[in-house]
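K.L.:
Numbering (this note's numbering), first residue to last: 243 to 343.
Structure below; questions to follow.
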(Lines of atoms letter the chains of each structure in order from A and count residues from 1; the text may use other names and numbers.)
(Lines give C-alpha, C1' and ligand atoms only; values in the text may rest on other atoms or scores of the structure.)
Protein backbone atom coordinates (compact mmCIF):
# COMPACT_ATOMS: atom_id res chain seq x y z
CA UNK A 1 0.00 0.00 0.00
CA UNK A 2 1.39 3.37 -0.98
CA UNK A 3 1.29 6.40 1.32
CA UNK A 4 -1.35 7.90 -0.96
CA UNK A 5 -3.56 4.79 -0.68
CA UNK A 6 -3.04 4.77 3.08
CA UNK A 7 -4.01 8.44 3.23
CA UNK A 8 -7.23 8.07 1.26
CA UNK A 9 -8.33 5.07 3.35
CA UNK A 10 -7.49 7.03 6.49
CA UNK A 11 -9.51 9.98 5.24
CA UNK A 12 -12.50 7.77 4.30
CA UNK A 13 -12.55 6.17 7.75
CA UNK A 14 -12.29 9.57 9.46
CA UNK A 15 -15.18 10.92 7.42
CA UNK A 16 -17.52 7.95 7.63
CA UNK A 17 -17.19 6.22 10.99
CA UNK A 18 -16.41 7.13 14.56
CA UNK A 19 -15.55 5.09 17.65
CA UNK A 20 -18.20 3.96 20.13
CA UNK A 21 -18.25 1.62 23.12
CA UNK A 22 -20.39 -1.00 21.37
CA UNK A 23 -19.25 -3.57 18.83
CA UNK A 24 -21.03 -3.06 15.52
CA UNK A 25 -21.97 -6.58 14.48
CA UNK A 26 -23.68 -5.41 11.29
CA UNK A 27 -20.42 -4.80 9.41
CA UNK A 28 -17.13 -6.70 9.35
CA UNK A 29 -13.87 -5.27 8.08
CA UNK A 30 -14.68 -6.76 4.68
CA UNK A 31 -18.03 -4.98 4.50
CA UNK A 32 -16.46 -1.67 5.50
CA UNK A 33 -13.69 -2.21 2.96
CA UNK A 34 -16.32 -2.78 0.25
CA UNK A 35 -18.05 0.50 1.14
CA UNK A 36 -14.72 2.32 1.06
CA UNK A 37 -13.89 0.79 -2.34
CA UNK A 38 -17.21 1.86 -3.81
CA UNK A 39 -16.90 5.42 -2.51
CA UNK A 40 -13.30 5.77 -3.70
CA UNK A 41 -13.77 3.75 -6.89
CA UNK A 42 -10.59 1.75 -6.32
CA UNK A 43 -9.50 -1.69 -5.09
CA UNK A 44 -8.47 -1.98 -1.43
CA UNK A 45 -7.29 -5.19 0.18
CA UNK A 46 -8.95 -6.27 3.41
CA UNK A 47 -5.52 -6.46 5.08
CA UNK A 48 -4.73 -2.87 4.07
CA UNK A 49 -8.08 -1.67 5.39
CA UNK A 50 -7.58 -3.54 8.69
CA UNK A 51 -4.07 -2.07 8.99
CA UNK A 52 -5.36 1.49 8.73
CA UNK A 53 -8.19 0.77 11.18
CA UNK A 54 -5.66 -0.62 13.66
CA UNK A 55 -3.34 2.37 13.26
CA UNK A 56 -6.30 4.64 13.98
CA UNK A 57 -6.88 2.80 17.27
CA UNK A 58 -9.79 0.55 16.31
CA UNK A 59 -9.39 -2.82 18.08
CA UNK A 60 -10.46 -5.97 16.26
CA UNK A 61 -13.19 -8.23 17.69
CA UNK A 62 -13.81 -11.77 16.48
CA UNK A 63 -16.66 -12.30 14.04
CA UNK A 64 -18.29 -15.37 12.58
CA UNK A 65 -16.11 -14.92 9.46
CA UNK A 66 -12.45 -15.66 10.19
CA UNK A 67 -10.17 -12.80 9.12
CA UNK A 68 -13.01 -10.27 8.96
CA UNK A 69 -13.26 -8.73 12.43
CA UNK A 70 -15.87 -6.44 13.90
CA UNK A 71 -15.01 -3.02 15.34
CA UNK A 72 -16.55 -0.68 17.89
CA UNK A 73 -17.90 2.08 15.64
CA UNK A 74 -20.93 3.80 14.25
CA UNK A 75 -21.43 5.61 10.99
CA UNK A 76 -21.31 9.37 11.03
CA UNK A 77 -24.41 11.19 9.88
CA UNK A 78 -24.25 13.55 6.91
CA UNK A 79 -24.29 16.53 9.28
CA UNK A 80 -21.37 15.09 11.27
CA UNK A 81 -19.29 14.41 8.16
CA UNK A 82 -18.84 18.09 7.41
CA UNK A 83 -17.56 18.72 10.93
CA UNK A 84 -15.67 15.47 11.52
CA UNK A 85 -12.56 15.38 9.41
CA UNK A 86 -8.97 14.44 10.03
CA UNK A 87 -6.69 17.43 9.86
CA UNK A 88 -3.68 17.43 7.59
CA UNK A 89 -1.42 17.29 10.65
CA UNK A 90 -3.28 14.21 11.97
CA UNK A 91 -3.00 12.44 8.60
CA UNK A 92 0.71 13.34 8.46
CA UNK A 93 1.26 12.00 11.99
CA UNK A 94 -0.47 8.73 11.15
CA UNK A 95 1.48 8.40 7.90
CA UNK A 96 4.75 8.82 9.80
CA UNK A 97 3.59 6.24 12.37
CA UNK A 98 2.92 3.83 9.52
CA UNK A 99 6.38 4.39 8.04
CA UNK A 100 7.97 3.30 11.34
CA UNK A 101 6.00 0.01 11.49
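Heads up, the beta-carbon is just placed ideally off N, CA and C, and yes, glycines get one too.
(1) Report the residue from 263, 313, 265 and 282 whose alpha carbon sits nearest the alpha carbon of residue 249.
(2) Determine the contact status of residue 271 and residue 297, defining contact as a CB-CB distance below 9 angstroms.
(3) Is the Cβ-Cβ distance between residue 266 and residue 313 less than 9 angstroms?
(4) Pull up the distance between the alpha-carbon of residue 322 and that of residue 255, whole angstroms please.
(5) Within 10 Å of its beta-carbon, does residue 306 have 16 or more other beta-carbons around it, so buried, or fewer, so exposed?
(6) Around the Cβ of residue 264, are there at least 16 other Cβ atoms within 10 angstroms (buried) or fewer (exposed)?
(7) For the putative contact between residue 290 and residue 247, defined by C-beta atoms under 8 angstroms, what is the C-beta separation to the nearest angstrom?
(8) When you compare only the Cα positions, how much space is there between residue 253 and residue 280?
(9) Measure from the alpha carbon of residue 310 to the alpha carbon of each residue in 243, 274, 286 and 251, then state which is nearest.
(10) Taking only three categories from DSSP, how would you classify residue 288?
P.N.:
This is what the structure holds:
(1) 282
(2) no
(3) yes
(4) Bear in mind that the predicted position of residue 322 carries a pLDDT of just 48, short of 50, making it too unreliable to give a figure here.
(5) exposed
(6) exposed
(7) 7 angstroms
(8) 14 angstroms
(9) 274
(10) helix
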